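Inspection log for the structure reproduced underneath, given as structure tokens.
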Ligand SMILES: Nc1ncnc2c1ncn2[C@@H]1O[C@H](COP(=O)(O)OP(=O)(O)OP(=O)(O)O)[C@@H](O)[C@H]1O
Ligand SMILES: Nc1ncnc2c1ncn2[C@@H]1O[C@H](COP(=O)(O)OP(=O)(O)OP(=O)(O)O)[C@@H](O)[C@H]1O
Ligand SMILES: [Mg+2]
Ligand SMILES: [Mg+2]
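Residue numbers (the numbering used here), protein chains in the order written: chain A, 1 to 247; chain B, 248 to 494; chain C, 495 to 797; chain D, 798 to 1100.
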């Protein structure tokens, strides 16, 4: 691994730089759709951050920017002190391997079984077979899907698919975990179990960013809450609840 | 339209038969996966019913059965007194046109714009062009997507897609509206607006069945609540809140 | 009114489908173009070849010798009777003097031929050379001529006639087989292309059905799409071939001027008066039937 | 070890991909099969045709007449000198007596020929018929023979020689052009099939990339898949053609026994010793290059 792009190492070291840093970041999808505007944001190692806001306020766009699925039209994003915009193809791949991601629309591999979907994340980091066959069943049982390991995504209920996506994000003990609406299809009991899993990962040192609409969870957990509105970061509470709508 | 399969007319008449009637319905996807077991259920015209329950408890399966997307492995389902299992291809199509459906995974037509997605439901019932161009913008503004009418599903946020799905379900003033988790990707404010829309449709006579995990909404709205657990209908409250988990 | 509206809707949607699934559209048109292009090339080769063989046939002659001392009038009578046969195109007379001249030229040295003086050892060698345009009937023709009064002997170059006839048959057979294979291959390729196209839209079709669209309603645009793609895929090779045909025959004629100088190619309009309707029909047929059949199968499977 | 593991992973995934995307796999194999099947048929027609022409060429003779009064030894000497030429396969001697017999049979009535008694008016018509196996060099050969001592005249059937030569060239040209077109068409068809296959998996590939898979990691199974499909698509027509070749030549030989009775077809092993490696290489090449190029383009586009 070339030193230049080895965010992995940098991320695992206790460097002083914030894990994630947005500097005046804007993203316009087309000329007229400004999804996020001039975001300045700093997330430190080991933080647990909720991002909340109305539908269409730019939360998923923020996550996609962190993941470097898309590039900002203005401003810069730094992860562990390295600018994402400067990464080349190989560097991007390596960077993403240090992340765990839950997509709002799950994005499971439709022609692979639940087991293979989760194992895939491990294969990508070239984990040895022994570890894969030890780790995957463990994480599947954490999200309560032990019995479904053979099923294909189409044969799962909405909430089950969401939990597979979460298992995939957790299996590599990522440095940063980005979860876009990870409990949208889950009942309250399952939702709370997922939150417990995230808190546990957080305690082990993973930096966690969760986009959610679940007011109850945000209110109860009292973590840092970032509120978006129409693409603008309108509030950033160190310890807070779901902001009440202003309109 | 042949009289035999014209559920539409039957549904619109004030017949005595319950709108939806499940008689000992079971559905097994594979030999070992019993998604719902021996369901007996009656929904009367004009009711507003919540279906709640754990992830994987068979709620979506119930909806799919009502829609006749799948057939029960045991038991019978009657809609307006007609058995769904007896419908032929044409009859099924006609039956579905009387429904409004919000799928858990949205199922929008990816290569059509928001406008076309909603208009499609009207084209299917062969609505005249004038009505389409009057009705579609109206319903899009109800769900707050007036500005997005040109966008394609991929260019929408999760919540926006969900609202398009709802607009499509509402546009025909359906006799029955089946909504599977219609607020899973929506913030509290939008969720409540959607619920108000559903209540309004209900007041106009539409029978409404909503699958949801949103405890707050269920608790506040005090409608009939059906609770599923592991494929079994465990409780049916005429006016109630979200049941607390037993385990 | 309603029919008209449906037609417009189907047309509009069909065209939009083609545009939106550019990848698939290009693949279908390309496949169709490729197949019909090959088909066209074969059609050229074969129709011209058969045309040339037909001309070649008409140059194969039968030689007719007469009974000793037959008068000129009687000989003319024989000629007329031969000309009665419909397949006979030409009868050429060669007097015994001409025969002797030719012979001398071919086999004898000048000294030797002078030694004959004005004698003609081939006194009885006057002959007709009979040309027909159907070598297949040559043996029949020979029997007919042999039966005529005043005919002593009929020589026909069986070998050449049979060769030509054989080549003719062989070309017909091989061409038939290749064209049938080609059509099979084309149908298969276009079938799979359409099937893949539909399988890409399985999701879309299933959504439409769940919303209550009838098979009939769903089918419309896809069939319009299939037909348009078929016609487009048939037109492209036609246009291309039409404008290159003359260049091709010029080029080939040029290359083999020594051999083919006398043989003419079919002209552009003759060839295309058959090729255009055939190609368009194939395009239309495959486009329509292909999408109709695949759609029906797919529609039946869903739900 | 790690390399080995990667190889196994790629192989396993590749095979699983083929199975899971049966539709696409069938389409690719079918396209490849169809194209290489046509290719094989052409290869048969052309290799046999050229083989037959080669045999036909060797039956075209040159007739050599000698100076008056050349002795038998001198004639033999001329024959030996002709045989020195490498392209000459056979030299046949025809004495003047034999020539006269043939002539009598062909042109004269019995009465007339008897009137000559034992005289031979064609005393000086002894000749050699020279057969060569390369008609293209015939005029050169004629010049050479004309330059020999004791040769009076050389008659060669220019027309036939030139025809054969021309047909040979024409067949070579047409075959070359058709095979090139066929390869183009095949590459295009298989290219679009692969492109469609990849476009179906765009979603899948994009998910893999978002999880941190490198292009290299993603590519492996797809390339294995492409290569396997290519080889399969090449093997099927080969196997089919191999087992039907003998039947085909028997059938054709049977149909046209009158014409082709003397001409032999190439035997199965000769034909396939060239066709097998060519087909497999084409299959392998298109499968590998097709999937590699399309993948790279697609991988570059995503993100
Ligand atoms: N690919 C795209 N092309 C054009 N516009 C887009 C695209 N993706 C998102 N948008 C627009 O950008 C805005 C922000 O989208 P985003 O997905 O970030 O919202 P969100 O906060 O995640 O909403 P939700 O809670 O509904 O998921 C929305 O108005 C959306 O329509
Ligand atoms: N096509 C299928 N094949 C096999 N099993 C299936 C299929 N669809 C659903 N199941 C199984 O049936 C059970 C019930 O699924 P269903 O989708 O009805 O759950 P649900 O109540 O809607 O859950 P959620 O709240 O997570 O959406 C689940 O265990 C699921 O894995
Ligand atoms: Mg979002
Ligand atoms: Mg569900």
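All C-beta atoms, glycine included, are put in the ideal place defined by N, C-alpha and C. It should be emphasised that the depicted structure is a prediction, and the values quoted were computed from it without experimental measurement.
Cα-Cα separation, residue i to residue j
i	j	result
residue 823/D	residue 97/A	35 Å
residue 565/C	residue 895/D	34 Å
residue 222/A	residue 314/B	42 Å
residue 664/C	residue 842/D	11 Å
residue 934/D	residue 963/D	13 Å
residue 826/C	residue 572/C	Because chain C in this structure spans residues 495 to 797, residue 826/C falls outside the shown range and cannot be described.
residue 484/B	residue 168/A	38 Å
residue 886/D	residue 926/D	11 Å
residue 216/A	residue 307/B	24 Å
residue 356/B	residue 17/A	45 Å
residue 49/A	residue 1007/D	22 Å
residue 672/C	residue 536/C	8 Å
residue 595/C	residue 1074/D	60 Å
residue 1020/D	residue 825/D	14 Å
residue 1097/D	residue 93/A	13 Å
residue 175/A	residue 95/A	10 Å
residue 647/C	residue 893/D	26 Å
residue 803/D	residue 119/A	15 Å
residue 940/D	residue 745/C	31 Å
residue 294/B	residue 425/B	12 Å
residue 309/B	residue 347/B	15 Å
residue 990/D	residue 980/D	15 Å
Short CB-CB distance (under 7 Å) between residue i and chain C
i	result
residue 371/B	yes
residue 1087/D	no
residue 450/B	no
residue 410/B	no
residue 989/D	yes
residue 358/B	yes
residue 381/B	no
residue 343/B	yes
residue 861/D	no
Residues that residue i bridges to, as DSSP identifies them
i	result
residue 274/B	283/B
residue 469/B	Bridge partners of residue 469/B: none, in fact.
residue 1067/D	For residue 1067/D, which the question treats as bridged, DSSP gives no partner whatsoever.
residue 862/D	924/D and 950/D
residue 43/A	20/A
Proximity test, Cβ basis, 7 Å: residue i and chain B
i	result
residue 707/C	yes
residue 701/C	yes
residue 698/C	yes
residue 497/C	no
residue 56/A	yes
residue 159/A	yes
CB contact check: residue i to chain D, cutoff 7 Å
i	result
residue 630/C	no
residue 683/C	yes
Residue-level contact to chain A via CB, residue i, 7 Å cutoff
i	result
residue 485/B	no
residue 270/B	no
residue 819/D	no
residue 501/B	With chain B covering 248 to 494 only, the question about residue 501/B has no answer from this structure.
Q.
Measuring CB atoms only, is the stretch 126-135 of chain A touching the stretch 192-210 of chain A, in the sense that at least three cross pairs come out at less than 8 Å?
A. They do not touch, by the three-pair rule.
Q: Count the CB pairs spanning the stretch 184-191 of chain A and the stretch 149-159 of chain A that are closer than 8 Å, and state whether there are at least three.
A: Segment contact: the stretch 184-191 of chain A against the stretch 149-159 of chain A, three or more CB-CB distances shorter than 8 Å; contact assigned.
Q) Are there three or more Cβ pairs, one per stretch, closer than 8 Å when the stretch 497-516 of chain C is compared with the stretch 707-723 of chain C? A) Contact annotation: the stretch 497-516 of chain C touches the stretch 707-723 of chain C, with at least three C-beta pairs closer than 8 Å.
Q: Taking only runs that begin and end inside the stretch 404-435 of chain B, name each unbroken alpha helix (DSSP H) of 4 or more residues, in chain order.
A: DSSP runs (the alpha helix (DSSP H)) wholly in the stretch 404-435 of chain B: 405-417.
(Q) Please give me, in chain order, every unbroken run of the alpha helix (DSSP H) with length at least 4 that falls completely inside the stretch 77-161 of chain A. (A) 89-97, 114-124 and 129-142, all fully within the stretch 77-161 of chain A.
Q. Does the pairing of the stretch 982-989 of chain D with the stretch 1083-1100 of chain D give three or more beta-carbon distances under 8 Å?
A. With the cut-off at 8 Å, the stretch 982-989 of chain D and the stretch 1083-1100 of chain D touch.
Q. Does the stretch 84-98 of chain A come close enough to the stretch 18-31 of chain A that 3 or more CB-CB pairs lie under 8 Å?
A. No contact exists between the stretch 18-31 of chain A and the stretch 84-98 of chain A.
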